[in-house]
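Peer 1:
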Amino acid sequence: MTEKLSILVRLDLDHAKAHVLAKGHVTIHSIQALYVVVKRANALKPNLALELDMRHARIDPEALRQLETCSLTRHLPVRIDPLQTPCKLSILPPRRAVHAAGHLAA
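For the sequence shown, my numbering assigns the number 107 to the last residue and increments by one with no breaks.
And the structure:
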């Protein structure tokens with residue numbers, strides 16, 4: 002799997018849905034790009050249901066915790082969205098998580 006983060010967004014504005022597919026390695030640094038894409042998609046239509054598909058990504062534990070917090074609070078981090086626009090984010094978790102030591106866990 003590549004270290005480079007790749008993000009693909011599929012929108013269905015008629016049904017107020019967006020599918021955000023992430024591939025590659027998501028770290029606490031690269032997650033910023035993911036937040037920006039989610040924020041842009043969220044701005045397209047009120048009450049858009051955003052599904053973040055992480056099944057094909059490797060994600061560091063802290064980055065996953067940050068995404069789970071966003072999903073629970075329904076807001077992106079303040080530094081990304083100072084207005085704290087509601088964000089209906091659900092996460093399809095990765096098949097594997099990366100432990101702090103860099104080893105994969107199933």
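Think of the CB as a built atom: it goes at the ideal place given N, C-alpha and C, for glycine as much as any other residue.
Please give me, in chain order, every unbroken run of the alpha helix (DSSP H) with length at least 4 that falls completely inside the segment 42-85.
Peer 2: For the segment 42-85, whole alpha helix (DSSP H) runs of length 4 or above, ordered along the chain, are 62-74.
Peer 1: Taking just the CA atoms, how far does L14 sit from P95?
Peer 2: Approximately 26 Å, taken between the alpha carbons.
Peer 1: What does K18 pair with, by DSSP beta-bridge criteria?
Peer 2: Note: K18 sits in a beta bridge opposite D13 and A50.
Peer 1: Quick one: grab the DSSP three-state call for L93.
Peer 2: L93: strand per DSSP, three-state reduction.
Peer 1: So, under 8 Å CB-CB, A64 and I32 are touching, yes? Tell me the CB distance rounded to an integer number of Å.
Peer 2: That pair is a contact at about 5 Å.
Peer 1: What distance in whole Å lies between the Cβ atoms of V21 and L6, which are believed to be in contact at a cut-off of 8 Å?
Peer 2: At roughly 12 Å, the Cβ-Cβ gap does not stay under 8 Å, so L6 and V21 are not in contact.
Peer 1: Taking the beta carbon of N48 as the centre, do at least 16 other beta carbons fall within 10 Å, making it buried, or is it exposed?
Peer 2: Classification of N48: exposed, given that the 10 Å Cβ count is below 16.
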